[in-house]
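**Q** Line by line, the protein sequences are chains A and B. Residue numbers for the first sequence follow our numbering, beginning at 739 and rising by one. Residue numbers for the second sequence follow our numbering, beginning at 739 and rising by one. Virtual Cβ for every residue (Gly too), placed ideally from N, Cα, C. Because the structure is a prediction, the values reported are computed rather than measured.
There are 2 protein chains.
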Amino acid sequence: MISVVILGAGNVAHHLYKAFYSSENISVKQWYNRNIEHIASFKNETNITDDLSQLAEADVYVIAVSDDAIAELSKQLPFENRFVVHTSGSVSAYDIDMKNRRGIFYPLQTFSKSAEIDLSQVPICIETLQKKDYPLLKLLANSTTSITKKVNSDQRAVLHLAAVFVNNFTNQLYRVAHEITESQGAEFDLLKPLILETANKVQEHSPFTAQTGPAKRNDKKTIKKHLKLLDKEHHKDIYKLLTASIKQTHATTTRHNGHSNKK
Amino acid sequence: MISVVILGAGNVAHHLYKAFYSSENISVKQWYNRNIEHIASFKNETNITDDLSQLAEADVYVIAVSDDAIAELSKQLPFENRFVVHTSGSVSAYDIDMKNRRGIFYPLQTFSKSAEIDLSQVPICIETLQKKDYPLLKLLANSTTSITKKVNSDQRAVLHLAAVFVNNFTNQLYRVAHEITESQGAEFDLLKPLILETANKVQEHSPFTAQTGPAKRNDKKTIKKHLKLLDKEHHKDIYKLLTASIKQTHATTTRHNGHSNKK
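1. Can you find a heavy atom of the ligand NAP that lies under 7 Å from the Cβ of D969/B?
2. For K963/B, decide whether its Cβ has a neighbour in chain A, counting only Cβ atoms nearer than 8 Å.
3. Between the stretch 973–985 of chain A and the stretch 934–942 of chain B, are three or more C-beta pairs nearer than 8 Å?
4. Roughly how many angstroms lie between the CA atoms of A751/B and I885/B, to the nearest whole one?
5. DSSP state of E865/B, grouped into three classes?
6. Just the Cα atoms here: how many angstroms apart are F843/B and S765/B?
7. Give me the Cβ distance between A901/A and L929/B, rounded to the nearest whole Å; I'm assuming they're in contact under 8 Å.
8. Helix, strand or coil, according to DSSP, for I834/B in the structure here?
9. Return the Cβ separation of A802/B and I777/B in integer angstroms, given the expectation that the two are a contact with Cβ distance under 8 Å.
10. Just to make sure I have the definition right: I need the residues of chain A whose C-beta is within less than 8 Å of the C-beta of S830/B. Which are they?
11. At 4 residues or longer, and completely inside the stretch 863–935 of chain A: list those alpha helix (DSSP H) runs for me, N to C.
12. Let me see if you follow: with CB-CB separation under 8 Å, is R913/A close to chain B or not?
13. Could you give the residue range of the alpha helix (DSSP H) that holds I808/B?
14. Helix, strand or coil for R839/A per DSSP?
15. Check whether the stretch 866–879 of chain A and the stretch 943–950 of chain B touch, using three or more Cβ-Cβ pairs below 8 Å as the test.
16. So is P816/B in contact with chain A if we call contact Cβ pairs under 8 Å?
17. To the nearest angstrom, how far is the alpha carbon of A809/A from that of F817/A?
18. Leaving out the 5 sequence neighbours to the left and right, which residues in its chain are closer than 7 Å to R772/B when beta-carbon positions are compared?
19. So what's H964/A in DSSP terms, helix, strand or just coil?
20. Taking beta-carbon pairs under 8 Å, can you tell me which members of the stretch 915–927 of chain B lie near chain A?
21. Since D969/A meets chain B, which of its residues come closer than 9 Å, beta carbon to beta carbon?
22. Is the beta carbon of Q949/B closer than 8 Å to that of N909/A?
23. On a Cα-Cα basis, can you pick out the residue from K954/A, F758/A, D806/A and E762/A that is closest to K959/B?
24. Can you tell me whether V742/A is helix, strand or coil according to DSSP?
25. Count the other CB atoms, across all protein chains shown, that sit within 10 Å of the CB of G923/A; report buried if there are 16 or more and exposed otherwise.
26. On the CB-based measure, 16 or more other CB atoms within 10 Å of its CB, does V743/B come out buried or exposed?
27. Is the Cβ-Cβ distance between T883/A and V860/A less than 8 Å?
28. Throw me the rounded Cβ distance for the D1004/B and L911/B pair, which I believe falls under 8 Å.
29. Under the three-state reduction of DSSP, which class applies to I855/A: helix, strand or coil?
30. Who are T787/B's beta bridge partners in DSSP?
31. In chain B, what lies closer than 8 Å to T960/A by C-beta?
32. Any idea if N782/A is buried or exposed, counting beta-carbon neighbours within 10 angstroms, 16 or more meaning buried?
33. Please state the DSSP three-state secondary structure of S761/B.
34. Return helix, strand or coil for R820/B, following the three-state DSSP convention.
35. Between the beta-carbon of L965/B and the beta-carbon of K974/B, is there less than 8 Å?
36. Near K1001/A, what residues of its chain come up, given a Cβ to Cβ distance below 7 Å and the 5 sequence neighbours on each side ignored?
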């Protein structure tokens, strides 16, 4: 049984609490938050506190607070040489105060209060600064998800960056599609099955082979028609840039195959 | 029972054939393709032909060929005043030769040979130039999918354009994430659950409320870190443009609420 103290009460903390609490191998000894009201509804399930001096002893302290608050909170911990990890994709393990042993427990997923997430399907990227702490953190991750991955800080930074492309930027493309359809009397809802299928397709195929559409075919007529339909400049800019990006990706390969798109 | 002749043998034609063939209300009378070899394997299930002069009589002729070939093929049809539809998102119904009654049967999905698609979950956008043909086309669509939608040509053009954003452009963002991760020793596969969840989230929530991340938070430190990590100029361009787009989307609303992001 791994004993854990969770620090923080944001989306990640809530999802981790739920997964830890329901795991047979993990005991949530305590849940800390500066503002105890945010976790008050859990007081019958676990020990809650807003007082750092009252922190219980545990195998792992999981700091799940905003990036900017990690260093400061870790400094305030009233103990030494215990094992402290944070859950951020973009903060270094060295940002945790060096009086404790340090590591990373980064679930690669987008969390929000409203959406239920099955953490057992979420990759957890782990790293420890000291080798001897690794087996315990691996056990904690394995007790939470089926996809545990040892990831160093450089790789984690790259994954966090790539996650912005596939999550935030993709979602913004959905938003643009929402603006385009709703402003011209069409229904965004009709695009939802296509959105799902686009995400499904790259579960099995590479994004390269999954690509279709006017940019890949270099279908100038359709591209021209589309640019004419767009009335906002920044929608046009996105269309042009991503069309050029697709052309670049697929033209290079065509040339490698000895065929040229140029006529 | 609606009798149908399919013309063409691309991805859309194949998926429509399968859906029509398995529907209780539809009889595929014949399948035409210029090159009969592409449909030869279906000759025990349906009548196949490569000869337009041999086309069978049917309630609906479904032209599922590439956009540029629709007008020409419709001209070559050796009959008049029958009901002919095409399946394209961006071609006008008026491109079908006027000697026949005309309509649109546009399934809003991405089709490829390798990926199985359940057409019953795909929205089919329909339109007829003559009112009297509408009930039949609606029945054909209803026998194929649970999501039938009457869509005029302007709305269809907008949906086709929006589909490029949520499908081709989104897929290109996956591709960029693939390039970034693989070039720096991280695994693209770790992003797959996040890709799925991003698509899942907007099935229930609007893209506006689903948004998270450094651009929405205007987290300049992380944005700077990310731009430093990107080494290709065109990756940087995409990052900058979509970050600006997210900021614009969310800053406007913040201002409407009386709060400003500017400090």
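**A** Result, derived from the coordinates:
1. Absence of the ligand NAP is noted for the structure shown, with no ligands found whatsoever.
2. Yes, K963/B lies at the interface with chain A (some Cβ there is under 8 Å from its Cβ).
3. Taking 8 Å as the limit for Cβ pairs, the verdict is that the stretch 934–942 of chain B does not touch the stretch 973–985 of chain A.
4. Roughly 19 Å between the two C-alpha positions.
5. Strand at E865/B.
6. Cα-Cα distance, rounded: 17 Å.
7. That belief holds up - the Cβ atoms of A901/A and L929/B are roughly 6 Å apart, short of 8 Å.
8. Residue state for I834/B is assigned as coil, using DSSP reduced to three classes.
9. Incorrect: roughly 12 Å between the Cβ atoms, too far for contact.
10. Contact note: S830/B does not reach chain A at a C-beta cutoff of 8 Å; the least C-beta distance is about 11 Å.
11. When DSSP assignments are scanned along the stretch 863–935 of chain A, the uninterrupted stretches of alpha helix (DSSP H) that are 4 or more residues long and fall wholly within it turn out to be 872–880, 891–901 and 908–921.
12. By this cut-off, R913/A is an interface position.
13. Boundaries of the alpha helix (DSSP H) around I808/B: I808 to Q814.
14. Three-state DSSP puts R839/A in a strand.
15. At 8 Å Cβ cutoff, the stretches do not touch.
16. Chain A, which has no Cβ nearer than 8 Å to the Cβ of P816/B, makes this no.
17. Approximately 15 Å, taken between the alpha carbons.
18. Scanning its chain for C-beta atoms nearer than 7 Å, with the 5 sequence neighbours on each side dropped, one finds around R772/B the residues D788, in chain order.
19. Under the three-state reduction of DSSP output, H964/A falls in the helix class.
20. Among the residues of the stretch 915–927 of chain B, those with a Cβ less than 8 Å away from any Cβ of chain A are A915, H916, I918, T919, Q922, G923, A924, E925 and F926, in the order of the chain.
21. None at all; the shortest Cβ gap to chain B is about 11 Å.
22. The Cβ-Cβ distance between N909/A and Q949/B falls below 8 Å.
23. Nearest neighbour of K959/B by Cα position, chosen from K954/A, F758/A, D806/A and E762/A, turns out to be D806/A.
24. The three-state reading of DSSP puts V742/A in strand, counting E and B together.
25. Classification of G923/A: exposed, given that the 10 Å Cβ count is below 16.
26. Counting Cβ neighbours within 10 Å, V743/B comes out buried, since at least 16 surround it.
27. In this structure, V860/A lies closer than 8 Å to T883/A by Cβ.
28. Residue 1004/B cannot be examined here, being either before or after the span of chain B that is shown, 739 to 1001.
29. I855/A: coil per DSSP, three-state reduction.
30. For T787/B, which the question treats as bridged, DSSP gives the partners Y770/B.
31. Near T960/A (Cβ distances below 8 Å), the residues of chain B are D805 and S828.
32. The residue in question, N782/A, is exposed, as its Cβ has fewer than 16 Cβ neighbours within 10 Å.
33. Coil at S761/B, not helix or strand.
34. R820/B: coil per DSSP, three-state reduction.
35. Using a Cβ distance threshold of 8 Å, L965/B and K974/B count as a contacting pair.
36. Any reading at K1001/A must be qualified, since the residue scores a pLDDT of 32, below 50, and its modelled position is unreliable; no value is offered.
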